[in-house]
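K.L.:
Okay, so the sequence shown: first residue is 1 according to my numbering, each after it adds one. For every residue, glycine included, the Cβ atom is placed at its ideal position computed from N, Cα and C. Remember, it's a predicted structure, so these values are computed and weren't measured experimentally.
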Amino acid sequence: MSAVNDAFAPEGETRAGLWSDKARLRRVLMLGGVSVFLALAAVFYLSGGRYVTADDTYVHANKLMVSTDVSGLVQTVNVKEGQTVKAGDILFTLDAKPFEIALENAQAALVSAAQDAESTRALYRADLAQAAAQQAQVNVNRQTFSRYQALQAQNAIAAMQVDTARAALLSAQASLASLRQNAATQLAKLNGNPELPAEQTPAYLKAKAQVDEAQRQLDHATVRAPFAGTVGEVDSLQPGTLVISALSAFSTTSAVGIVGNETWIASDLKETDLTHVHPGQPVDITVDTYPGCHWSGHVQSVSAASDTAFSALPAQNASGNWVKVVQRIPVRIAIGEAQSEACARPLRAGMSAVVSIDTGHRRWWRLIHGS
């Protein structure tokens, strides 16, 4: 019966019903779509926040231009470009002859200082003996002068004899003072101790320091690797090159570059990303050079200050036009083993890397437990 009624219903009423059904369906779909979107967004948010990812990171290693603090001509270069060396391996040597001559001169001066110490001790003892003898002479001359004065008072002798006795006494006293002064000078050279061993006298210690310095310079004529690594910038240093110690830090022609074997990742993370980052957390590392390869690692340290805090001219935010800028905090990540044997390839300083730090933080857990 309803079908018959619909068949005889006005055309406008039929169309209105259809439009009403479509509008209702559209509203249902829109509400359903919004609900699904909100549900997915909630799931994404609650499941997120665990990983901190950074792609502006690079592989770092110890790098050093190895030179020496003595000047001389390069005699031999013992390494080649890209050669792997161990700590203590010889990189290059300077002509050792000038340093050997300087060492021999210093050693001769050391022997002379020891002999001078013994000679000084002998002179001191001789001056003491002469001073003792001279003291006896002064005593005799003083008695003679006193006796002559008494005789002159009795007009028993001439005044000239008294004057002669006075002059003899004064001369003996002057000689005694000179001998005592000489003894004091020799004693000072023995540092005030006449029994002081020669090896402890100031002159000997000074000569010994000169020997040590000459030996140090001779040792530094052989330049060794301070740590294990790979050498570079070797071609700029050739036999016959003059190495000037004062210029070594500013000239690559006076040094050999070495890059250490130990590598790490340095990343400047935003301070807002460091809320749940702590040392020891696992890190997944990928390097642009080896697509598809992963390395395990862990957060080794988080810097105590931002990059700007260590700059020569740190930012001053006291002005009224201050604009807040998110700071960057350096994070050091230790690199572990590759996750597959096929990816066990060398990582070189300067390679671009992407790191993902697993903080273990879960928003849904915090929402449920309130912590």
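1. Measure the beta-carbon distance from S306 to Q327 and round it to whole angstroms, keeping in mind my assumption that it falls under 8 Å.
2. For D163, write down the residues that DSSP places opposite it in a beta bridge.
3. Looking at the structure shown, is V354 part of a helix, part of a strand, or coil, going by DSSP?
4. Alpha carbon to alpha carbon, how far is S20 from V28?
5. Are the region 80-98 and the region 186-206 in contact at 8 Å, needing three or more beta carbon pairs?
6. Identify the continuous alpha helix (DSSP H) that holds D56 and give its terminal residues.
7. For D116, report the span of its beta strand (DSSP E) as first-last.
8. Restricting to Cα atoms, I'd like to know which of V52, S35 and G32 is closest to G360.
9. At what residues does the alpha helix (DSSP H) containing D219 begin and finish?
10. Between which two residues does the beta strand (DSSP E) containing K324 stretch?
11. Please report the distance separating the alpha-carbon of C293 from that of A228.
12. Taking 8 Å as the CB-CB cut-off, is D307 touching chain B?
13. Going by beta-carbon coordinates alone, are V256 and E233 separated by less than 8 Å?
14. What's the gap between the Cα of W295 and the Cα of V302?
15. Taking the continuous beta strand (DSSP E) assigned at Q300, which residues delimit it?
16. Find the nearest neighbour of P291 within the set N191, Q143 and A344, judged by alpha-carbon distance.
17. Check whether the Cβ atoms of Q210 and A109 sit closer than 8 Å, and answer yes or no.
P.N.:
Considering the structure as presented:
1. Going by Cβ atoms, the distance from S306 to Q327 rounds to 4 Å, so yes, they are a contact pair.
2. For D163, which the question treats as bridged, DSSP gives no partner whatsoever.
3. strand
4. 12 Å
5. no
6. That residue, D56, is in no alpha helix (DSSP H); its beta strand (DSSP E) goes Y51 to V66.
7. Careful: D116 lies outside any beta strand (DSSP E), inside the alpha helix (DSSP H) at K97 to A153.
8. V52
9. P202 to H220
10. Where K324 is concerned, there is no enclosing beta strand (DSSP E), given that its DSSP letter is neither H nor E.
11. 26 Å
12. Absence of chain B from the displayed structure is noted, only one protein chain being present.
13. yes
14. 20 Å
15. H294 to V302
16. A344
17. yes
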